[in-house]
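From first to last, the protein sequence lines are chains A and B. Using the numbering used here, the first residue of the first sequence is number 1, and each one after it goes up by one. Using the numbering used here, the first residue of the second sequence is number 1, and each one after it goes up by one. All C-beta atoms, glycine included, are put in the ideal place defined by N, C-alpha and C. Heads up: the structure comes next, in structure tokens.
There are 2 protein chains.
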Amino acid sequence: MDNKAIDVLYAGRFIELVSLSGWEYARRSNATGVAAILPVHTDGRLVLIEQVRPAAGGPVIEWPAGLVGDEGDAESHLDAAKRELLEETGYEAKVWELVGEGMSSAGLTDEAIVFYLAKDLMPSTEGGGVGGENITKHEILPDELTGWIEEMKRVGKKLDLKVYAGLGMLNQDTKEDQDGS
Amino acid sequence: MDNKAIDVLYAGRFIELVSLSGWEYARRSNATGVAAILPVHTDGRLVLIEQVRPAAGGPVIEWPAGLVGDEGDAESHLDAAKRELLEETGYEAKVWELVGEGMSSAGLTDEAIVFYLAKDLMPSTEGGGVGGENITKHEILPDELTGWIEEMKRVGKKLDLKVYAGLGMLNQDTKEDQDGS
């Protein structure tokens, strides 16, 4: 799409509000993309994180994820995924697999997120995030996930839709494996 | 959270860019929420839509969805879901079930989306959207979905992450039914 047609209405430090063909949307000004990670232990446990998000007014349950190239250097989505998994959970993974990509909310933002499955997890550092992110790690068996999500909501925590999106991708991925494709 | 602490950096016609505790995010100024619909035919076919999104630079595959209360009157999420399903697909549904809720992208926006499963679909109108939305309807069997998504991507269409999120919710919902809970 012709970049000249985009009108920057306001440029914040991290986010710009732009207009294109009369349609307003938000875009990040400090990153070249977003990578999310679906970390799965060999026993099936999924690794989710919890962090306080000002936009949510409190703690949000999410997959580990982060901005690509926000630290100044050129960076691939996969390298960002590896960096964020280590920073946020303290894990390194032996096996990485691209499992999906999509837009966060196409009516509101051009943000697109690339998802990686991370397997064979090995503890490496403390985790918890960088720069005061104060991230908590949760490790949940798939069979216990629905009940656990309900409990999280009951105590006032919010859920990022990427949690469900990741589950949908893992399920599609498993189906493909079963089909032998 | 104390509303006074939110600093409006720029108020667009539809979206505001705000700052809270030094954290920038986008919020909608013309709606009280967002509702998404997972329409499932009795034979299992899922109903997805396709529309051109300026933020995506082209067509995007999504679930039917829309803003709550953007037409001036107070409106419930469920009423908005029923209105949007009819406007976008031409279907009415006999059975409605709340299946999930979550934030689109908690680092970028306060947008939260409520998902409804819609069953026993009956054709009622032409669909296609309102005000030049020009929406195309796709009806896909679950087993064919992964291949179909790949084909859509191959021809340059983008995918909204809510497609995967809805699949994750449908899968969790099916598991609960099987567990008898």
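Can a CB atom of chain B be found closer than 7 Å to the CB of residue i?
{"i": "TYR25 (chain A)", "result": "yes"}
{"i": "ALA11 (chain A)", "result": "no"}
{"i": "LEU20 (chain A)", "result": "yes"}
{"i": "ALA5 (chain A)", "result": "no"}
{"i": "TYR91 (chain A)", "result": "no"}
{"i": "ALA31 (chain A)", "result": "no"}
{"i": "MET1 (chain A)", "result": "Model confidence at MET1 (chain A) stands at a pLDDT of 48, short of 50, so the residue's coordinates are unreliable; what they give is reported in the following sentence. Yes, contact with chain B."}
{"i": "ASP177 (chain A)", "result": "no"}
{"i": "SER105 (chain A)", "result": "yes"}
With DSSP as the reference, identify every bridge partner of residue i, one or two as the case may be.
{"i": "TRP23 (chain A)", "result": "A:LEU20"}
{"i": "GLU101 (chain B)", "result": "B:VAL114"}
{"i": "GLN51 (chain A)", "result": "A:VAL60"}
{"i": "GLY131 (chain B)", "result": "Answer is none; GLY131 (chain B) lacks a bridge partner."}
By alpha-carbon positions, which one of the options ends up nearest to residue i?
{"i": "TRP63 (chain B)", "options": "A:ALA106, A:ALA36, A:PRO142, A:ILE113", "result": "A:ALA106"}
{"i": "GLY33 (chain B)", "options": "B:THR109, B:ASN171, B:ASP177", "result": "B:THR109"}
{"i": "ARG28 (chain B)", "options": "B:GLU50, B:ARG13, B:SER124, B:GLU126", "result": "B:ARG13"}
{"i": "GLU88 (chain B)", "options": "B:LEU98, B:GLU71, B:GLY66, B:VAL40", "result": "B:GLY66"}
{"i": "GLY129 (chain A)", "options": "A:LYS137, A:MET122, A:GLU151", "result": "A:LYS137"}
{"i": "PRO54 (chain A)", "options": "B:TYR25, B:LEU38, B:ALA165, B:ALA55", "result": "B:TYR25"}
{"i": "ASP70 (chain A)", "options": "A:LEU46, A:PRO123, A:ILE15, A:TYR164", "result": "A:ILE15"}
{"i": "ALA11 (chain B)", "options": "B:SER21, B:ASN30, B:GLN51, B:TRP23", "result": "B:ASN30"}
Does the beta carbon of residue i sit closer than 7 Å to a beta carbon anywhere in chain A?
{"i": "LYS137 (chain B)", "result": "no"}
{"i": "ILE15 (chain B)", "result": "yes"}
{"i": "MET152 (chain B)", "result": "no"}
{"i": "GLN172 (chain B)", "result": "yes"}
{"i": "TYR116 (chain B)", "result": "no"}
{"i": "GLY168 (chain B)", "result": "yes"}
{"i": "LYS158 (chain B)", "result": "yes"}
{"i": "GLY102 (chain B)", "result": "yes"}
{"i": "ALA56 (chain B)", "result": "yes"}
{"i": "LEU161 (chain B)", "result": "yes"}
{"i": "ARG45 (chain B)", "result": "no"}
{"i": "ASP70 (chain B)", "result": "no"}
{"i": "ASP73 (chain B)", "result": "no"}
{"i": "ALA165 (chain B)", "result": "yes"}
For residue i, collect the residues of the same chain with a Cβ closer than 6 Å to its Cβ; drop the 5 residues on either side in sequence, then sort them by chain order.
{"i": "LYS19 (chain B)", "result": "Note that residue 19 (chain B) corresponds to Ser in the displayed sequence, not to Lys. Around SER19 (chain B): ASP7, LEU9."}
{"i": "MET103 (chain A)", "result": "ALA112"}
{"i": "THR174 (chain B)", "result": "none"}
{"i": "LEU159 (chain A)", "result": "ILE61"}
{"i": "ALA81 (chain B)", "result": "ALA35, ILE37, TYR116"}
Taking 8 Å as the limit between beta carbons, can you name the residues of its chain near residue i, skipping five residues before and five after?
{"i": "GLY44 (chain B)", "result": "LEU141, PRO142"}
{"i": "VAL163 (chain A)", "result": "LEU48, ILE61, GLU62, TRP63, ILE149"}
Segment contact flag, the stretch 69 to 84 of chain A with the stretch 114 to 134 of chain A, C-beta cutoff 8 Å, min 3 pairs: yes
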